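Working notes, beginning with the structure itself.
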Ligand code: PLP
């Protein structure tokens with residue numbers, strides 16, 4: 112099988128599993144226990160926190176371990192909004208992950224927040240100045256994703272964060288898809304909160320982290336034993352935290368070379384798909400996009416039919432967003448980019464990994480051209 116759905120999830124890397132293994136077996140202690148087992152677990156957790164903080168360029172105390180991207184986004188948005196007395200206004204975009212959209216929706220429904228959704232252009236790009244114009248004296252929080260999970264467009268986060276900060280608002284970014292591919296230094300980005308998730312990076316599902324700038328109040332969404340400095344109760348996932356730290360460090364160390372190499376493979380792939388697959392259209396920004404994302408529409412097909420046909424041919428991809436899989440609704444991201452619902456139903460996403468090869472992509476182009484030609488009735492132009 113050729114696996115090109117790495118934005119949905121990725122396999123746990125062997126080195127990551129090896130680092131985690133002791134904390135799943137002999138050193139299984141609860142970090143809150145005062146005996147030796149607990150002390151060992153607490154040390155492992157501290158080291159993992161230090162390592163995550165090292166990659167994010169923040170203090171260890173500013174890292175909260177969570178169960179993943181969804182929880183990190185919920186805690187950042189709901190937790191920060193409810194703890195900040197400044198006002199009840201949030202600024203966000205229509206292309207966010209459901210974890211952000213639904214958290215904002217919850218604040219609107221249950222706590223009377225007003226949510227301003229600034230638009231995006233046809234490439235899925237947010238205009239920072241439009242965010243600036245949406246800011247008000249009562250704006251509590253701005254939440255704009257670093258990079259989009261469906262079309263890969265990378266947003267001008269530094270500029271947006273600067274505008275938000277100048278206006279006295281807090282800035283959160285969902286960096287779940289950016290992690291491993293783009294710089295994550297929170298000081299350079301200028302953000303107050305940043306969410307990441309382990310399973311997009313070669314760590315397991317069920318572990319994530321949230322950077323929360325020091326001094327920022329947050330209302331906990333999980334209540335209990337007061338772990339994570341009261342910001343996230345629940346016995347910590349020690350092995351998961353160790354795995355996340357390892358995966359993040361490995362990805363960060365490889366990033367300068369791997370991002371460049373994968374972006375080159377992606378560009379060659381995009382070029383061939385556009386040239387050889389009948390009617391193919393690229394979605395997302397041509398240049399400002401995640402190195403591993405190549406997403407398209409294939410008019411005259413259905414994205415789901417292309418996905419299933421490619422699977423029969425040994426190629427795994429995704430139609431639109433995996434997180435919304437199972438729903439027949441056209442992608443909210445593509446609709447926000449101005450695409451009509453019919454064309455949006457033809458979307459297919461390929462997401463590469465560090466180990467994707469040129470041969471795999473060449474085989475994918477050939478299969479895709481044949482598949483789309485068969486499904487759409489257009490003649491194939493593939494060689
Ligand atoms: N944010 C983005 C941009 C994502 O792509 C995803 C998952 O696909 C999430 C948040 C949710 O992360 P998790 O699956 O770890 O809850």
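Residue numbers (the numbering used here): 112 to 494. Built from N, CA and C at the ideal position, the CB exists for glycine as well. Computed from a predicted structure; not experimentally measured.
Specify whether the region 218-231 and the region 169-180 touch according to this definition: at least 3 beta carbon pairs, one from each stretch, less than 8 angstroms apart.
no
Classification of residue 334 by the beta-carbon crowding that lies within 10 angstroms, buried from 16 upward
exposed
Between which two residues does the alpha helix (DSSP H) holding residue 222 run?
209-222
By the DSSP assignment, the alpha helix (DSSP H) with residue 368 in it spans what residues?
349-387
Within the same chain, show all residues whose beta-carbon is closer than 7 angstroms to that of residue 454, passing over the 5 residues directly before and after it, in chain order.
408, 410
Cβ contact (3+ pairs, closer than 8 angstroms) linking the region 338-351 and the region 150-157:
yes
Return the residue from the list 134, 463, 202, 221 that minimises the CA-CA distance to residue 373.
463
Identify which residue in 311, 129, 128, 356 has its Cα closest to the Cα of residue 162.
356
CA-CA distance, residue 145 and residue 359?
29 angstroms
Can you list, in chain order, the residues of its chain with a C-beta nearer than 7 angstroms to that of residue 190? Leave out the 5 residues immediately preceding and following it.
329, 330, 331, 332
Can you confirm whether the region 128-144 touches the region 442-458 when touching is taken to mean that 3 or more C-beta pairs between the two stretches lie within less than 8 angstroms?
no
Alpha carbon to alpha carbon, how far is residue 434 from residue 279?
Interpretation of residue 434 is limited by its pLDDT of 44, a score under 50 that renders its predicted location unreliable; no figure is taken from the coordinates.
Taking residue 305 as part of the beta strand (DSSP E), name the residues at either end of that continuous run.
304-308
Across which residues does DSSP place residue 251 in a beta bridge pair?
Paired residue(s): none; residue 251 is not in a bridge.
Output the distance between the C-alpha atoms of residue 170 and residue 286, rounded to the nearest integer angstrom.
18 angstroms
In the DSSP assignment, what are the bridge partners of residue 404?
462
Contacting residues, own chain, Cβ-Cβ under 6 angstroms from residue 479 (five flanking each side not counted)
388
Tell me which residues share the same chain as residue 239 and place their Cβ nearer than 7 angstroms to its Cβ, disregarding the 5 neighbours each side in the sequence.
267, 270, 271, 274
Residues in its own chain within less than 8 angstroms of residue 223 by CB, not counting five upstream and five downstream?
199
Given a threshold of 16 other Cβ atoms within 10 Å of its Cβ, counted over all protein chains shown, does residue 112 qualify as buried or as exposed?
exposed
With contact counted as at least three CB pairs below 8 angstroms, one residue from each stretch, are the region 248-259 and the region 201-218 in contact?
yes
Closer than 5 angstroms: residues whose CB approaches a heavy atom of the ligand PLP
179, 180, 181, 208, 210, 260, 285, 287, 288, 308, 434
Backbone CA spacing between residue 469 and residue 211 [nearest angstrom]
35 angstroms
Can you tell which of 307, 381, 187, 123 has the C-alpha that lies nearest to the C-alpha of residue 343?
187
Cβ-Cβ distance between residue 297 and residue 322 below 9 angstroms:
yes
If contacts are defined as beta-carbon pairs under 8 angstroms, then residue 313 and residue 476 qualify, I think. What distance do you get, rounded to the angstrom?
Between residue 476 and residue 313 the Cβ distance is about 26 angstroms, and since that is not below 8 angstroms, they are no contact.
To the nearest angstrom, report how far apart residue 369 and residue 466 are at their CA atoms.
9 angstroms
Applying the criterion that 16 or more other CB atoms from any shown protein chain within 10 Å of the CB defines a buried residue, is residue 263 buried or exposed?
buried
Short Cβ contact (9 angstroms threshold) for residue 124 with residue 361
yes
Would you decide whether residue 496 is buried or exposed? Buried here means 16 or more other CB atoms lie within 10 Å of its CB.
The first residue shown for the chain is 112 and the last is 494, placing residue 496 beyond what the model contains.
Through-space distance from residue 380 to residue 354, alpha-carbon basis:
32 angstroms
Which residue's Cα is closest to the Cα of residue 214: 306, 247, 184?
184
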